[in-house]
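Trainee: In the numbering used here, the protein residues as written are 253 to 570. Note that beta-carbon positions come from the ideal geometry of N, C-alpha and C, so glycine has one too. Before anything else, here's the structure in question.
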């Protein structure tokens, strides 16, 4: 893609669309100096679309926007398990995918995406309340009911509304790098990174804000990535046993404590590669990975590229 061209985002508003689902991609990818995107809201036809929760939307574009977009977001909508979207919508989504556009469903938008057949044989998710319905209506889709989002490359799906933010930040991180994603998260007052593998919810007898039990420990660790961090050290900080800490940490984040620490270190390295001229050896020491060889090993294992290639792609001013 030419660096001079804005990335094109279409938000497909279907009948019964949920307002938060529509608003998330429209706001995350809003055109501004730090966000080289152009967003168009569209529907099956231009004009008024009746939404859910007492709201309606006036969309300026019809399905022609799908022939223009680089990525198409499909927000969730009411009663997705009753009827498939109109045939013209399904055909337009298939055509957009064929010419190379990514298709990203938020919440129950996964039903519209599944109606295209493009999720057959692939992993996908949706709001936990509708996962069984998605399995029943589209049995060839490998529905994962315990994750926030799934990235299958050209097709992406996310769980309930708030996880749409996580999906959008994930897309942004892949397009522009971790610094841009963190900047957008700060603007949205959102968590800068929640893994796609994090559980949608954790059944428990005593209600507890999801993901918050060890939030202080994670914040503590993020300020000490350059220091030795072991399971025992983290559990001691959290004032629980290592076994309990490990089990509950996986439930809340989708990662073991040490996997999370490693990814936090790699993310810190990514931002240093983007924003500074520090060498790989210096960055490795600053993020707690010791040597450049160790950083390169884990960087390639997690991201599939080298620090040098990553810097060449995402360094500011290049």
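Please list, in chain order, all residues of the same chain as residue 365 whose beta carbon is under 8 Å from its beta carbon, the five residues on each side excluded.
Mentor: 326, 345, 355, 357, 371, 376, 407, 409
Trainee: For residue 317, which of helix, strand or coil comes out of DSSP?
Mentor: helix
Trainee: Between 411, 322, 259, which has its C-alpha nearest residue 273's C-alpha?
Mentor: With distances taken between Cα atoms, residue 273 lies closest to 411.
Trainee: List the DSSP bridge partners of residue 394.
Mentor: 375
Trainee: In whole angstroms, what separates the C-alpha of residue 314 from that of residue 529?
Mentor: 46 Å
Trainee: Using only the alpha-carbon positions, how far apart do residue 284 and residue 268 sit?
Mentor: 29 Å
Trainee: Hey, out of 309, 465, 339, 531, whose CA is closest to residue 492's CA?
Mentor: 465
Trainee: In whole angstroms, give me the CA-to-CA distance for residue 263 and residue 560.
Mentor: Each residue's alpha carbon lies about 35 Å from the other.
Trainee: Does the beta-carbon distance from residue 337 to residue 266 come in below 7 Å?
Mentor: Yes, the Cβ-Cβ distance between residue 337 and residue 266 is below 7 Å.
Trainee: Just the C-alpha distance for residue 291 and residue 348, rounded to the nearest angstrom, thanks.
Mentor: Separation of residue 291 and residue 348 (C-alpha to C-alpha, rounded to the nearest whole angstrom) is 16 Å.
Trainee: Mind checking which residues open and close the alpha helix (DSSP H) that includes residue 471?
Mentor: 467-474
Trainee: From residue 514 to residue 541, what does the alpha carbon distance come to, in whole angstroms?
Mentor: Cα-Cα distance, rounded: 9 Å.
Trainee: Which residues share a DSSP beta bridge with residue 369?
Mentor: Per DSSP, none; premise fails for residue 369.
Trainee: Hey, how far is the Cα of residue 476 from the Cα of residue 502?
Mentor: Approximately 20 Å, taken between the alpha carbons.
Trainee: When you compare only the Cα positions, how much space is there between residue 556 and residue 405?
Mentor: In a straight line, the C-alpha of residue 556 is about 14 Å away from that of residue 405.
Trainee: Tell me whether residue 509 is buried or exposed, calling it buried when 16 or more other Cβ atoms sit within 10 Å of its Cβ.
Mentor: buried
Trainee: Nearest CA to the CA of residue 413: which residue from 335, 483, 442, 328?
Mentor: 328
Trainee: Apart from the five residues just before and just after residue 558, which ones in its own chain have a Cβ nearer than 8 Å to its Cβ?
Mentor: 548, 551, 552
Trainee: Apply the 10 Å Cβ neighbour rule to residue 532 and answer buried if 16 or more other Cβ atoms are within range, or exposed otherwise.
Mentor: If you draw a 10 Å sphere on the C-beta of residue 532, you find 16 or more other C-beta atoms in it, and that means buried.
Trainee: List the DSSP bridge partners of residue 290.
Mentor: Partner(s): 260.
Trainee: Could you tell me if residue 458 is buried or exposed, where buried requires 16 or more neighbouring beta carbons within 10 angstroms of its beta carbon?
Mentor: With a pLDDT of only 29 at residue 458, under 50, the local geometry of the prediction cannot be trusted, and no value is derived from it.
Trainee: When DSSP labels each residue in this structure, what does residue 457 get in the three-state scheme?
Mentor: Residue placement at residue 457 is poorly supported in this model, since its pLDDT is 27, which falls under 50; the coordinates still yield a value, given next. Coil at residue 457, not helix or strand.
Trainee: Could you give the C-beta distance for residue 382 and residue 322, rounded to a whole number, given that I count them as a contact under 8 Å?
Mentor: About 28 Å; that fails the 8 Å criterion.
Trainee: Identify whether residue 562 lies in helix, strand or coil by the three-state DSSP scheme.
Mentor: In this structure, residue 562 counts as helix in the three-state DSSP scheme.
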